[in-house]
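Here is the structure we will look at.
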Amino acid sequence: MTLRPLLDGRGVPSGGGAWEHRDVMRRLGDRPEWRFFAILPQAHRGLATAWFVLLFLRGALPAGFAVAMGLLVRAVERGDDLAGPLTLVGVIFVVLSVLSPLHAQVGTNLGDVLSNHLNETLLATTTTPEGMAHLERPDLNNDLTMARDFDLGIAGPPMSVSMGFIAGGLAELLAGVAQALILFGYRWWVPLVLVAAWGSTHWILRESAIWRDRQTDEVLEAQRHADYTYRLAVDPPAAKELRLFGLADWTVDRFAARRRQLVDLRWDATKLKQRPIRSALVIVLAANILVCWFLANDAADGRIGLGQVVTFAVAILGTHSLAFGGLNWALTMGAAPTVDAVLRLDEPMRTAGSLTNGTQGAGAVPAEDIVFRDVTFS
77 MTLRPLLDGR GVPSGGGAWE HRDVMRRLGD RPEWRFFAIL PQAHRGLATA WFVLLFLRGA
137 LPAGFAVAMG LLVRAVERGD DLAGPLTLVG VIFVVLSVLS PLHAQVGTNL GDVLSNHLNE
197 TLLATTTTPE GMAHLERPDL NNDLTMARDF DLGIAGPPMS VSMGFIAGGL AELLAGVAQA
257 LILFGYRWWV PLVLVAAWGS THWILRESAI WRDRQTDEVL EAQRHADYTY RLAVDPPAAK
317 ELRLFGLADW TVDRFAARRR QLVDLRWDAT KLKQRPIRSA LVIVLAANIL VCWFLANDAA
377 DGRIGLGQVV TFAVAILGTH SLAFGGLNWA LTMGAAPTVD AVLRLDEPMR TAGSLTNGTQ
437 GAGAVPAEDI VFRDVTFS
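Numbering (my numbering) for the sequence shown: 77 to 454.
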C-alpha cells in the first residue's frame, strides 16, 4: 500500500478540491468586473436591486414572447378562443417596450449615485493620510487619473451613461440563454450546438473584445497627460493664464495629440482580424443551417405542430444574442477598471502618505535655516 503525500509541490493539500474552489472564488472576487457589481449595493441598495430585477426581466421576457407567439399560432390553427393568447402576447409586448427606457432611467440614477459614492471614497483615500507623499508619486498619480475618469468621462463615458451600455449587453446575454433553454423542448442537442456556436465568437474574437494593455505605463502616462491638459483648459485659474499668454492653441494641440495616442492604442489592440472573423462565420453558419434543417424537416413530416415551429424558430433566431451580449466595452474598458482603480488606491496611498512621529525634541535643534534634501517633482 502506498501513501499519497499530504502536500503537493506548492504546499497545498493534494486532492484538495476545497482549496481549488477557494482559489477560483478568490480570483473571481479580485476581477474588476466582480468588484464593480459588488459595489453597486453599497452605493444604493434599492436602486441596485431594482436594476438587477429589471435586468432579469429584460432577459427572460423575450423567451416568454416566443412561447406566447407559439400559443397564439396554435390557437389560430385549432380554432380555439384567441382572447387568452392575444392578451398574453399584448401584455408581454407592452412590458418589453416599457422595460428598456425604465431600466435606462434606473441605470442613470444608479450611475449618478455610484459616482457620488466613488467621489466620497476617493476623497477619503486622498485626505486620510497625514502626509503628502502619496499625492506626489507618479505611479499613484497614474492610478489616480484613471480613478477620476468615472466622473470626468475623458477616456470613456461617465458612469451614468455606462450603466445603459452595461445593462444592454447583459440583457442580450440573458435573453440568449433564456431562449436557448426553450430549445430543450425540441431536441436536447440543439441548444448545446447553438450556445457553443454563438458563444465561440467570444473566444475566437477575444483579442478584439478586450483592451488588455490598458494598464501599461504608456497608456497610463498618455491618459495622465491628457487629463492634465484638459484641466489646464477648463479650470478657471489655469484657463485665464493660458489665454493671457496665448497658449490656448498649444494646449488644445497637446490634448488632441494625447487623446489620439489613446485612440490609436485602443484601435490597434481591439481591431478585428480577418482570419478569426472567417472562422466565426463558418461555425455560426454551420450550426444554424444544421438546426434549421432539422426543424424544417420535422415540420414537413408533421412531427411538430405549427405553434411549436413558430416558438422554436423565434428561439433559434433569439440565440444570436449570445454573440452580441455579455460584458461589453463600457464595463471591461471603462467602468470596471475605473472602480477597481478607486478601490485599490486606498492601501498604497495610506502607506505612502503615512508620517512617523519623531522621538527627538526640538529644543536643541538649530533654527537658522530650513534645508530640503532629496526633493523631486513628478
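The C-beta atom is built at its ideal place from N, Cα and C for all residues, glycine as well.
Treat the numbers as computed from the prediction; the structure is a model and nothing was measured.
Enclosing alpha helix (DSSP H) for R319 [first to last residue]: 312-320
Just to confirm, is the Cβ distance from L137 to I168 under 9 Å? yes
Secondary structure of D84, DSSP reduced to three states: Note on D84: pLDDT 45, under 50, position unreliable in the model; the coordinate value appears next. D84 falls in the coil class under three-state DSSP.
Buried or exposed for N373, please, with buried defined as at least 16 other CB atoms from any protein chain shown within 10 angstroms of its CB. exposed
If you reduce the DSSP assignment to three classes, tell me which class W274 lands in. helix
Check whether the region 236-256 and the region 175-183 are in contact - that is, three or more C-beta pairs closer than 8 Å. yes
Quick one: is Q436 buried, meaning 16 or more other Cβ sit within 10 Å of its Cβ, or exposed? exposed
Taking only the alpha-carbon atoms, compute the straight-line gap between A247 and N433 and give it to the nearest angstrom. 54 Å
Skipping 5 residues on each side, what residues in its chain have a beta carbon closer than 7 Å to that of Q337? A298
Reduced DSSP secondary structure (H/G/I, E/B, other) of M409: helix
Quick one: Cα of M77 to Cα of Y262, how far? Any reading at M77 must be qualified, since the residue scores a pLDDT of 38, below 50, and its modelled position is unreliable; the value itself is stated next. About 52 Å.
For G187 and A243, the rounded distance between their alpha carbons: 12 Å
DSSP three-state label for I380, please. coil
V447 in three-state terms, based on DSSP: coil
Spatial distance of G122 from P177 (CA atoms): 18 Å
Opening and closing residue of the alpha helix (DSSP H) in which F112 lies: 108-119
Using only alpha-carbon positions, find the residue among L421, L250, S397 that is nearest to V129. L250
In the DSSP assignment, find the unbroken alpha helix (DSSP H) run with E206 in it and report its ends. Note, E206: premise wrong, no alpha helix (DSSP H); not H, not E.
Considering Cα atoms alone, identify which of I353, G383, L220, R300 is closest to P161. G383
Cut-off 8 Å between Cβ atoms - residues of its own chain near G87, not counting five sequence neighbours on either side: Its pLDDT being 44, under 50, G87 is placed unreliably in this model, and the value from its coordinates should be taken loosely. Hits under 8 Å: none found.
Alpha carbon to alpha carbon, how far is T414 from M222? 6 Å
Spell out whether any CB of chain D is found under 9 Å from the CB atom of Q255. The structure shown has no chain D; it contains just one protein chain.
Just tell me which of P424, L164, V143 has its CA closest to the CA of P205. P424
For G381 and L148, I'd like the C-alpha separation in whole angstroms. 12 Å
In the DSSP assignment, the alpha helix (DSSP H) including R426 goes from what residue to what residue? 422-428
What number of angstroms, rounded off, separates the C-alpha of R426 from the C-alpha of L318? 35 Å
Please confirm whether W274 and A142 have their CB atoms less than 9 Å apart. no
Helix, strand or coil, according to DSSP, for P234 in the structure here? coil
Between T197 and the rest of its own chain, which residues show a CB-CB distance below 7 Å, the 5 nearest in sequence each way excluded? V418
Where does L341 fall in DSSP's three states? helix
For L175 and S430, what's the separation of their Cα atoms in angstroms? 49 Å
Do you know how far the Cα of L421 is from the Cα of D450? 25 Å
Nearest CA to the CA of H193: which residue from M235, L158, M208? M235
Y304 in three-state terms, based on DSSP: helix
Tell me whether P267 is buried or exposed, calling it buried when 16 or more other Cβ atoms sit within 10 Å of its Cβ. buried
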